[in-house]
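Colleague: There's a structure below that I have some questions on.
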Amino acid sequence: MSESIKSSKSETSSSGSSAAPKVKKGGFNKEELIATVKSLQFAWFVGQLFTLLGVFFYTLTYVRVWKSSFKFWYILSLVGVAESFGVLLFQIFTRSGGKVSILLKDENTQYLLISLIFLYLRPYVIFPLIPFALFSIFHVLAYVDGTLLPIFGLENTPISKSIYTFTTSQNSSSIHLASCIEIFSFFWLLLRVVTFRKRSLIPFIVYGVFLKLRFEYSEITREYIKSIEIQVDEQVNHLNIPAIKNGWVQVKSVLRRVGGIYLVNNYNKQKST
3 MSESIKSSKS ETSSSGSSAA PKVKKGGFNK EELIATVKSL QFAWFVGQLF
53 TLLGVFFYTL TYVRVWKSSF KFWYILSLVG VAESFGVLLF QIFTRSGGKV
103 SILLKDENTQ YLLISLIFLY LRPYVIFPLI PFALFSIFHV LAYVDGTLLP
153 IFGLENTPIS KSIYTFTTSQ NSSSIHLASC IEIFSFFWLL LRVVTFRKRS
203 LIPFIVYGVF LKLRFEYSEI TREYIKSIEI QVDEQVNHLN IPAIKNGWVQ
253 VKSVLRRVGG IYLVNNYNKQ KST
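Taking our numbering, the leading residue of the sequence shown gets 3, the next gets one more, and so forth.
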């Protein structure tokens, strides 16, 4: 989930500013609170909260806290993801004049689709959910700081400044971390396949397509995958076993052929223009 954090944040913020009037300074504004709760932006915010709560409590089930409720929290987290990205894409769709082609090329569509597919397949794995939770942390904090705190006259308080400092200073690192976890999730799903876990093959294939799309759109994802290739090259050369070396060369050849098939976005064309 790399650069889409920025795009989803900016899209929602711009739409939210038109959905409700500006806040009057000097204390609690009841009318503004009512208008905010009725806005589409607030529905997006609720989806982000569902994602955070769902992922947090689903994680706790791994340490046997409310273990029997793991299905509920898993579903809640993905419902939150689907709802928030659905609101975002609806805003993009209406502003584009109803052009479906724009949605198909928008990277936020990738996240909506993967959330819906995982909601349907329900492999019950934690790692693919973590990037969504990372993004939700920053989206929730930004919304609280930019929309909710001013309603209560708290826009210039220490808590507001702390939120702003944290979100601006850590946003870039969270994007990198999310991209790294997305790649790790792919290998974790592969491990589930080779160990014959239930509901493992189709989620792995679907996530592979998703990661391919991320590779096409995200320079950060491409950089991480390149760094993995370099590290494996070093290890294979260090082992100096011809069979392993030849096998790795063949694997890289297959991966390069797959990488040369562009599903949505030819990033090489963007480099040349």
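Glycine included, every Cβ here is placed at the ideal spot set by N, Cα and C.
Is R199 helix, strand or coil when you go by DSSP?
Modeller: DSSP places R199 in coil when its eight states are reduced to three.
Colleague: Once DSSP output is grouped into helix, strand and coil, what is the label at Y226?
Modeller: Y226: helix per DSSP, three-state reduction.
Colleague: Would DSSP call D108 helix, strand or coil?
Modeller: Here D108 sits in coil by DSSP.
Colleague: Is it true that the segment 205-223 meets the segment 131-145, where meeting means three or more beta-carbon pairs spaced less than 8 Å apart?
Modeller: No, the segment 205-223 does not touch the segment 131-145.
Colleague: What does the Cβ neighbour count give for Q237, buried or exposed, with the cut at 16 atoms within 10 Å?
Modeller: Classification of Q237: exposed, given that the 10 Å Cβ count is below 16.
Colleague: Tell me which residue opens and which closes the alpha helix (DSSP H) that N248 is part of.
Modeller: Residues 244-261.
Colleague: Which residue marks the beginning of the alpha helix (DSSP H) containing F74, and which one marks its end?
Modeller: It spans 72-97 - the alpha helix (DSSP H) in which F74 sits, taken as one unbroken run.
Colleague: With 16 as the cutoff for other CB atoms within 10 Å, does Q252 come out buried or exposed?
Modeller: Flag for Q252 reads exposed.
Colleague: Suppose you measure from the CA of T149 to the CA of S117; what does that come to, to the nearest Å?
Modeller: For T149 and S117, the distance between alpha carbons rounds to 27 Å.
Colleague: Less than 7 Å between C-beta atoms, sequence neighbours within five positions excluded: which residues of the same chain meet that for T38?
Modeller: The answer, listed in chain order, is A22, F44, T149, I153.
Colleague: Could you tell me how far apart the beta carbons of L62 and S138 are, in whole angstroms, since I believe they sit closer than 8 Å?
Modeller: The pair is not a contact, with the Cβ atoms about 17 Å apart (cut-off 8 Å).
Colleague: Would you be able to state if there are at least three C-beta pairs under 8 Å between the segment 80-96 and the segment 164-182?
Modeller: Because the criterion of three Cβ pairs below 8 Å is not met, the segment 164-182 and the segment 80-96 do not touch.
Colleague: Could you please give the first and the last residue of the uninterrupted alpha helix (DSSP H) stretch that includes Y145?
Modeller: Run containing Y145: 132-145, per the alpha helix (DSSP H) assignment.
Colleague: According to DSSP, is F58 part of a helix, a strand, or is it coil?
Modeller: Of the three classes helix, strand and coil, the one that applies to F58 here is helix, per DSSP.
Colleague: With burial defined as no fewer than 16 other Cβ atoms inside 10 Å of the residue's Cβ, what is the status of L123: buried or exposed?
Modeller: By the 10 Å Cβ count, L123 comes out exposed.
Colleague: Please report how far the alpha carbon of K214 lies from the alpha carbon of Y166, in whole angstroms.
Modeller: Those two C-alpha atoms are separated by around 33 Å.
Colleague: Looking at I161: is its Cβ nearer than 9 Å to the Cβ of Y60?
Modeller: No. Outside cutoff.
Colleague: Please give me, in chain order, every unbroken run of the alpha helix (DSSP H) with length at least 4 that falls completely inside the segment 157-225.
Modeller: Runs of the alpha helix (DSSP H) inside the segment 157-225: 160-196, 203-219.
Colleague: Run through DSSP, which three-state label would F44 get?
Modeller: Three-state DSSP puts F44 in a helix.
Colleague: Around the C-beta of T159, are 16 or more other C-beta atoms found within 10 angstroms, so that it is buried, or is it exposed?
Modeller: Label assigned to T159: exposed.
Colleague: What span of residues does the alpha helix (DSSP H) with V39 cover, start to end?
Modeller: 32-39 is the extent of the alpha helix (DSSP H) around V39.
Colleague: Determine, using beta carbons only, whether W46 and V89 come nearer to each other than 9 Å.
Modeller: Yes; because the gap between Cβ atoms is below 9 Å, this pair is in contact.
Colleague: Would you mind sorting N31 into buried or exposed? The rule is 16 or more other CB atoms within 10 Å of its CB.
Modeller: When all chains shown are included, N31 counts as buried.
Colleague: Starting from the C-beta of V195, find all residues in its chain whose C-beta is less than 8 Å away, skip the five residues before and the five after it, and write them out in chain order.
Modeller: Result list for V195: S202, L203, F206, in chain order.
Colleague: Go through its chain and collect everything with a Cβ distance to N270's Cβ below 6 Å, but skip five positions before and after it.
Modeller: Excluding residues within five positions, none has a Cβ falling inside 6 Å.
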